[in-house]
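Residue 77 in the working numbering is what sits at position 77 of the sequence shown, and the numbering runs on without skipping anything. The block underneath contains the structure these notes are about, expressed in structure tokens.
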Amino acid sequence: MWRRFLGPLVVLALLVGGWALVRRPPVPPEGRGRPLPNAPAFVLETLDGRGEVALSELRGKPVVLNFWASWCAPCRLEVPVLVDAWRRYRHRVHFLGVNVLDEREAAVRFARDLGMGFPSVHDP
Numbered sequence: 001m002w003r004r005f006l007g008p009l010v011v012l013a014l015l016v017g018g019w020a021l022v023r024r025p026p027v028p029p030e031g032r033g034r035p036l037p038n039a040p041a042f043v044l045e046t047l048d049g050r051g052e053v054a055l056s057e058l059r060g061k062p063v064v065l066n067f068w069a070s071w072c073a074p075c076r077l078e079v080p081v082l083v084d085a086w087r088r089y090r091h092r093v094h095f096l097g098v099n100v101l102d103e104r105e106a107a108v109r110f111a112r113d114l115g116m117g118f119p120s121v122h123d124p
């Protein structure tokens with residue numbers, strides 16, 4: 001007797017499981033349109049070592065912070081996209097690369113080889 005219900009029960013379980021996997025949770029309305037909390041203040045030396053950048057200096061426009069490293073494969077892929085966005089929007093948006101966990105020479109080489117035109121700082 002139970003075998004007669006096993007087939008439809010399995011199909012129902014697969015349908016419910018599939019629906020649960022593809023449905024997206026709704027974005028809560030209270031999170032829409034609100035500014036994000038301020039990032040913590042920092043002052044870091046520029047990649048070329050000739051100056052410093054304070055995050056507080058970038059007020060007044062949105063800021064895109066990109067954390068990258070020379071050994072990071074996804075970073076290598078995203079640089080051309082970021083450079084294109086920087087060229088298009090640099091008058092309305094600040095772009096700042098933050099190099100992490102690299103020796104300065106490796107970071108400078110990476111930025112030069114990939115044509116990273118937007119400013120970057122070094123966070124050893």
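Ideal Cβ placement from N, Cα and C applies to all residues, glycine included. These numbers come from a predicted model, not from an experiment.
{"Asked": "State the beta-bridge partners of F95 as determined by DSSP.", "Found": "V64"}
{"Asked": "Let me check understanding here. Comparing Cα to Cα, which of R59, N38, R92 and V108 lies closest to D48?", "Found": "V108"}
{"Asked": "Return the bridge partner residues of L44 from the DSSP annotation.", "Found": "V53"}
{"Asked": "With a 10 Å radius around its C-beta and 16 neighbouring C-beta atoms as the bar for buried, classify A73 as buried or exposed.", "Found": "exposed"}
{"Asked": "Reducing DSSP to helix, strand and coil, say where D123 ends up.", "Found": "strand"}
{"Asked": "Are L96 and V53 touching if we call contact CB-CB under 8 Å?", "Found": "yes"}
{"Asked": "Here's the rule: buried if 16 or more other CB atoms are within 10 angstroms of the residue's CB, otherwise exposed. What is H94?", "Found": "buried"}
{"Asked": "Is the distance from the Cβ of R76 to the Cβ of L101 below 8 Å?", "Found": "no"}
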